[in-house]
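Beneath this line is the structure, given in C-alpha cells, with notes to follow.
Protein chains: 2
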Amino acid sequence: MNLVSTTPRLVVDVDVLQANIERAAESARTRGLALRPHVKTHKSPDLARLQLAAGASGLTVATIGEAEVFAAAGFDDLFIAYPLWTDDAAVARLQRLAAQVRLAIGCDSVQSVAELPSGVAELMIELDSGHHRSGIAAGTAGELAARLLASGQVVRGVFTFPGHSYAPGAAAEVAVDEASALLDAADGLRSAGVPDPLLSGGSTPSLAFADDRLSEYRPGVYVFNDAQQWELGTCTPEQIALTCHARVVSRHADRVVLDAGSKVLGADRALYATGAGRLLDDPDARIVQLSEHHAVVTAPVLPALGSIVRVVPNHVCNAVNLADRLHLVDPDGSRAGSWVVAARGRNS
Amino acid sequence: MNLVSTTPRLVVDVDVLQANIERAAESARTRGLALRPHVKTHKSPDLARLQLAAGASGLTVATIGEAEVFAAAGFDDLFIAYPLWTDDAAVARLQRLAAQVRLAIGCDSVQSVAELPSGVAELMIELDSGHHRSGIAAGTAGELAARLLASGQVVRGVFTFPGHSYAPGAAAEVAVDEASALLDAADGLRSAGVPDPLLSGGSTPSLAFADDRLSEYRPGVYVFNDAQQWELGTCTPEQIALTCHARVVSRHADRVVLDAGSKVLGADRALYATGAGRLLDDPDARIVQLSEHHAVVTAPVLPALGSIVRVVPNHVCNAVNLADRLHLVDPDGSRAGSWVVAARGRNS
Chain V
93 MNLVSTTPRL
103 VVDVDVLQAN
113 IERAAESART
123 RGLALRPHVK
133 THKSPDLARL
143 QLAAGASGLT
153 VATIGEAEVF
163 AAAGFDDLFI
173 AYPLWTDDAA
183 VARLQRLAAQ
193 VRLAIGCDSV
203 QSVAELPSGV
213 AELMIELDSG
223 HHRSGIAAGT
233 AGELAARLLA
243 SGQVVRGVFT
253 FPGHSYAPGA
263 AAEVAVDEAS
273 ALLDAADGLR
283 SAGVPDPLLS
293 GGSTPSLAFA
303 DDRLSEYRPG
313 VYVFNDAQQW
323 ELGTCTPEQI
333 ALTCHARVVS
343 RHADRVVLDA
353 GSKVLGADRA
363 LYATGAGRLL
373 DDPDARIVQL
383 SEHHAVVTAP
393 VLPALGSIVR
403 VVPNHVCNAV
413 NLADRLHLVD
423 PDGSRAGSWV
433 VAARGRNS
Chain E
93 MNLVSTTPRL
103 VVDVDVLQAN
113 IERAAESART
123 RGLALRPHVK
133 THKSPDLARL
143 QLAAGASGLT
153 VATIGEAEVF
163 AAAGFDDLFI
173 AYPLWTDDAA
183 VARLQRLAAQ
193 VRLAIGCDSV
203 QSVAELPSGV
213 AELMIELDSG
223 HHRSGIAAGT
233 AGELAARLLA
243 SGQVVRGVFT
253 FPGHSYAPGA
263 AAEVAVDEAS
273 ALLDAADGLR
283 SAGVPDPLLS
293 GGSTPSLAFA
303 DDRLSEYRPG
313 VYVFNDAQQW
323 ELGTCTPEQI
333 ALTCHARVVS
343 RHADRVVLDA
353 GSKVLGADRA
363 LYATGAGRLL
373 DDPDARIVQL
383 SEHHAVVTAP
393 VLPALGSIVR
403 VVPNHVCNAV
413 NLADRLHLVD
423 PDGSRAGSWV
433 VAARGRNS
C-alpha cells in the first residue's frame, strides 16, 4: 500500500471500491430490486458514474443543492429523499431541475408542498418504519396520497429510511419493519388511486435483508464502508475502501497522537462505537480521544513516531463532506489522481 | 431578529460577536496577559481583524494551511500551536511562511523537528497539563529545550492546552494545573538557557481563571460561544453569537424535524451535553437525534411546521468548518453580508 506523505488526507482504494459497488449491485439484482444509490455518501459524479455503469437505476440525493450538482454532471433521474419545504426559492430551483431530469421529492405533509405547482416533481410519501425521524405512519399514507392527488400533485409511491438498522444485530428485524410499512402503505395508495406505487427502502446495514417485494433500494455507505459498518458486522475490514492517512505526531508511554481529528474524520460516535474511528491495520488499537486535529490512540503495540497509519472514520458520509477531494490509490500504486467532492457542503 | 429563509445556514449576530471580542480582550488585559486568539474557530480574516483591533497580540492557528491563509491576508505574527512533523514538504512551506511573518510552531520531541533548518521558526515546547493529548511533562521541558538548543533551534517558550477544562465545574482547578505546568517548565527552560521563556496557555472555559503570571492566552471559541460553553456555564445564551437558522420540515405529535443535521452543525456530543445542540429561543427543547440532514427535537411546545428556529451547535469550531460563508445579521436587521470561511478544510 502506497501511503501518502501529506497528512491527513482521505484516500480511496479503487479496487475495494469497485468490488463494493459490484457486490451491492448483485445483491439488489438477485432480489429483483432496482438500486438507486444515495450519493450523499460520496458527493462525487466520478464515483456515481461507476454506480450507474454497474446497473444503478438512478440516484438518490438529500438536498436540492446535491440534485443541482448531479443534474449539471449529466445524471437524469434523481430522487431528493427528503421532506422538502417548498417555498418560492425552492420551487424556482425545483422547476429548473425538472427541466433537466426526471425528478421526485419526499413529502410527509400537505403543507410542505402547498406552494409547489402541480407536476413539477413526482411526490414520494415518506413513512416512519421505526426510526422516528421524519415520515408518517404507514396506515395514514393513503389518506395523505388522496389529499395530494386532490390538490393536483402526482404521487409516485412511498419511501422510508430504516435508520434503526444502525444498532448491533438489528438489521434483519428492521428489514421486516421496513417491508411491512411499505407494503401496508402501498395498499393505501392503491385505494387512493395510485395503481402501481413505487416502494423505496434502504440503508446499508439492511441491504442484505431487503424484501424482494420492494421496488428499489437506496443504500449509500456501502461504496466505502466505515468503522460503523465494520463494528455493526455489515462489512469486513477488507471491504473498507476509504481511509484517512494520518501521521503519528506525538508519542508517549501509553499513547500516540495522530494528526487526524474531527475536522477530517467527523465527530460521529454512535453508542455502540468502540472509539472515534478505527485503525485499519490494527484492530486492537482504540481511538480514545478526538479533538479537531488530534486523535489519541492506545494500542498493545504503539506505532512509531513519524509513521503513517490508515484511520477508518466512524461515519464516512460526514468525513467525505469535510474534504474537497478524495485521493485515489490501488494496492499496486499504479493508479493515481483524485475525485472532486463536487457537492461538498451543499446542505440546501 | 431577521431569520433567513434559505435554510440551513450559519448566521452571526455581529453585535453579540463584538461584545464577546471586547469582553475577552478586557479579561486578558486586566490580568496583564497578551491575547493571541485561536482562529481555528472562525477561519475568517474578516473576523480576525476585529480581534486585532481589540488588542490581540497575534494569532494562533492549528495547521500550516491555516497559517498560509492568514499570512496571505496580511497577519504578521502567527503561532502554529501544534506539534508539526516537519518533513521536506512541511519545511518548504514553513520557510515560505517565515519569509512573511514572525512564526512559531509547537514541538514535543527532538525527532519532529529533526529536518527543520535552524531558525526557520521559533519553537514552543508543548506541555501536557492534564488533558493527556500531545505534550510532555513539565518537569522534562528543560531537558528537551537543552537538546533543541544544542541542535541549533530557537526555543521561545512553552505552551499547553488545558482541554480538561471541558467538564462541568472543572475550569478553575484546571487553570491551576495549567499555571503550575507552565511555571514549572519555565524554571527548566531558564536552566537550559532560555532566559525569558514565553508562557502560553488557554482555552475558553479557563479564560476567566487564567493565572496572571502567564504571558499570553489562546482561547478560540469565545468569539461565538456555543452549546458546550452554554452547558458548561462559560457563557449565557445571550452571549451566543452564531446560530444555524433551520426550518421545521416535519411535525409529529411528539417531535419536530429540522433541516439542520450533522453536515451543518457537526456531530460533536460531549458526555455532559443534553443533546446534539440547543435551540437558542427555547432552553427546554432537546435535540434528541441528529442525522446528516435532520435534527429531531422534542419540546414542551413544539414549533410550527414551516417555521424557522435558531440552533446553537454543540461545538462551533466544527460547525464553521462545514460552511463556506458565515452570514451576518444584527438585531435590527440593518447590517448584512457574509464572511468567507477562508481556511475551511485546511487540515494540513
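In order, the protein sequence lines correspond to chains V and E. Going by the working numbering, the residue at position 343 of the first sequence is 435; the numbering climbs one at a time, nothing skipped. Going by the working numbering, the residue at position 267 of the second sequence is 359; the numbering climbs one at a time, nothing skipped. The C-beta atom is built at its ideal place from N, Cα and C for all residues, glycine as well.
Extent of the continuous beta strand (DSSP E) run through residue i
| i | result |
| --- | --- |
| E/G81 | Past the boundaries of the shown model lies residue 81 of chain E; chain E is included only from 93 to 440, so the question cannot be answered. |
| V/Q381 | R378 to L382 |
| E/T178 | Note, E/T178: premise wrong, no beta strand (DSSP E); not H, not E. |
| E/V153 | L151 to V153 |
| V/V404 | I400 to V404 |
C-alpha gap between residue i and residue j, whole angstroms
| i | j | result |
| --- | --- | --- |
| V/S210 | V/A163 | 21 Å |
| E/R438 | E/E158 | 6 Å |
| V/H407 | V/Y174 | 20 Å |
| V/Q381 | V/R239 | 51 Å |
| E/H224 | E/V202 | 19 Å |
| E/H130 | E/Y309 | 9 Å |
| V/S342 | E/A233 | 15 Å |
| V/Q110 | V/L142 | 8 Å |
| V/L236 | E/A352 | 25 Å |
| E/D360 | V/P423 | 34 Å |
| V/L350 | V/I400 | 9 Å |
| V/A116 | V/E214 | 26 Å |
| V/E270 | V/A278 | 12 Å |
| E/G198 | V/L363 | 34 Å |
| E/W322 | E/I379 | 15 Å |
| V/P287 | V/P311 | 26 Å |
| V/V103 | V/A411 | 11 Å |
| E/P392 | E/L195 | 52 Å |
| V/A152 | V/K132 | Note on residue identity: the sequence assigns Thr, not Ala, to residue 152 of chain V. For V/T152 and V/K132, the distance between alpha carbons rounds to 8 Å. |
| V/D168 | E/A415 | 28 Å |
| V/V250 | V/S221 | 11 Å |
| E/R128 | E/S149 | 6 Å |
| E/V212 | V/V106 | 39 Å |
| V/H337 | V/V348 | 15 Å |
| V/S283 | E/P100 | 37 Å |
| E/G325 | E/P260 | 8 Å |
Reference residue i; option with closest CA among the options
| i | options | result |
| --- | --- | --- |
| V/G166 | V/Q192, V/T155, V/P175 and V/Q143 | V/Q192 |
| E/A267 | E/A278, E/R123, E/G227 and E/P297 | E/P297 |
| V/C371 | V/A302, V/G358 and V/T335 | Correcting the residue type first, residue 371 of chain V is Leu in the shown sequence and not Cys. The shortest C-alpha separation from V/L371 is found at V/T335. |
| V/D200 | E/R417, E/W431, E/G398 and E/Q187 | E/G398 |
| V/L275 | V/V389, V/D303, V/H256 and V/S295 | V/D303 |
| E/R123 | E/R185, E/C327 and E/L306 | E/L306 |
| V/V247 | V/A264, V/S221 and V/G280 | V/G280 |
| V/A262 | V/Q187, V/R194, V/A148 and V/F301 | V/F301 |
| V/A229 | E/A345, E/V388 and E/M216 | E/A345 |
| E/A428 | E/A434, E/V183 and E/R417 | E/R417 |
DSSP state of residue i mapped onto helix, strand, coil
| i | result |
| --- | --- |
| E/A126 | strand |
| V/V432 | strand |
| E/S292 | strand |
| E/L274 | helix |
| E/L142 | helix |
| E/L420 | strand |
| V/R310 | coil |
| E/V108 | helix |
| E/F171 | strand |
| E/R101 | strand |
| V/M93 | No answer about V/M93 holds up, because its pLDDT of 49 lies below 50 and its placement is not dependable. |
| V/A148 | coil |
| V/F75 | In the structure as shown, chain V begins at 93 and stops at 440. Residue 75 of chain V is therefore absent and cannot be evaluated. |
| V/D279 | helix |
| V/A300 | helix |
| E/L183 | The residue you asked about is not Leu; residue 183 of chain E is Val in the sequence shown. The answer is helix: DSSP assigns E/V183 an H, G or I state. |
| V/S119 | helix |
Limits of the unbroken alpha helix (DSSP H) element including residue i
| i | result |
| --- | --- |
| V/R438 | No alpha helix (DSSP H) holds V/R438; DSSP gives it neither H nor E. |
| V/V449 | Absent from the structure is residue 449 of chain V, since the part of chain V shown begins at 93 and ends at 440. |
| V/V161 | I156 to A164 |
Residue i Cβ short of 7 Å to the ligand MG heavy atom set
| i | result |
| --- | --- |
| V/A230 | Of the ligands one can find in the structure shown there are none, so the ligand MG has no counterpart to examine. |
Test: residue i CB closer than 8 Å to a CB of chain C
| i | result |
| --- | --- |
| V/L397 | This model lacks chain C altogether, as its protein chains are V and E. |
Which runs of the alpha helix (DSSP H) at least 4 residues long sit entirely within the segment 200-268 of chain E? Give them in chain order.
233-242
Within the segment 325-392 of chain V, note down every full alpha helix (DSSP H) run reaching 4 residues or more, in order along the chain.
354-357
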